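This note's numbering numbers the first residue of the sequence shown as 386 and each following residue consecutively.
Ideal placement from N, C-alpha and C gives every residue a C-beta, glycine not left out.
Owing to the predicted nature of the structure, the values given are computational and were not obtained by experimental measurement.
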Amino acid sequence: MAWDNMNDEQLKASLWINVTEEMGVSAEGIALAIHLRDKGTFTPSDFEEAQHEVDMENYLVLTDERADEWCKEEIEEMVWAFTPSFLQAHTGVHSDAIKQIQEMCEGANEPLKAMIKDFDWFVEDAVRCDGRGHFLAGYDHEENYVTYNDTIYYIYRRN
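Structure below.
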């Protein structure tokens, strides 16, 4: 697109992308910067800091598909911590038996996973009940989102 054919907003967007790319800030870093700006905790000089937060995984900045993938991975690692009644609904095993298995803490994860009849439905049901933020945002359990460059990014604060 030629410079003389751009309106002000297109020109600003083009310059924004060029400047931030030159600074080594990814789309995820920019999305986080936008989110932090909207919360009042960001200044324009903080682009590199926003990128650092993304790189260190203090914040997860994910597309919808990647957020679903991350959430499934997190749930797979914490099956043992779900309530016995929720596990009973997905395994058919009485909650008293599940409580005894859960005494193994993390060691109960694989046996309990093996008992779940439909793991994809288990994940879907868990997210439906608690939301992705519960599993991905250890700091505040919130899912936030911003749109940048026609893509919606979901933001989760980890620490």
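Between residue i and the rest of its own chain, which residues show a CB-CB distance below 6 Å, the 5 nearest in sequence each way excluded?
i	result
W388	With a pLDDT of only 46 at W388, under 50, the local geometry of the prediction cannot be trusted, and no value is derived from it.
Y530	I537, Y539
A452	R517, Y539
T476	M500, I501
M386	Low confidence applies to M386: its pLDDT is 46, below 50, so where it sits in the model is not reliable enough to give any reading.
S480	P469, S470, Q473
Considering residue i, what are the terminal residues of the alpha helix (DSSP H) in which it resides?
i	result
R422	412–423
M500	494–500
V508	504–515
T476	469–476
A435	432–440
D481	480–487
Between which two residues does the beta strand (DSSP E) containing residue i stretch?
i	result
V446	444–447
V531	529–533
I540	536–542
By Cβ distance below 7 Å, which residues in the same chain neighbour residue i in space, the five residues on each side in sequence not counted?
i	result
W455	L445, L447, L521
V512	C456
Y524	R542, R543, N544
E438	L417, Y444
N534	A412
A493	W465, I486, Q487
G425	none
R422	none
H420	N529, V531, I540
Please work out which residues of its chain come closer than 8 Å, Cβ to Cβ, to residue i, disregarding the five sequence neighbours upstream and downstream, and give them in chain order.
i	result
E442	R543
E527	G518, Y541, R542
Confirm, please, whether the CB-CB distance from residue j to residue i is below 7 Å.
i	j	result
A418	F432	yes
M500	V464	no
Compute the beta-carbon to beta-carbon distance between residue i and residue j, rounded to the nearest angstrom, for a pair I have assumed lies under 8 Å.
i	j	result
P469	I460	Their Cβ separation, rounded to whole angstroms, is 16 Å, which puts P469 and I460 out of contact at 8 Å.
G409	A435	Between A435 and G409 the Cβ distance is about 11 Å, and since that is not below 8 Å, they are no contact.
For chain C, find out if any of its Cβ atoms is closer than 7 Å to the Cβ of residue i; answer yes or no.
i	result
F432	The structure shown has no chain C; it contains just one protein chain.
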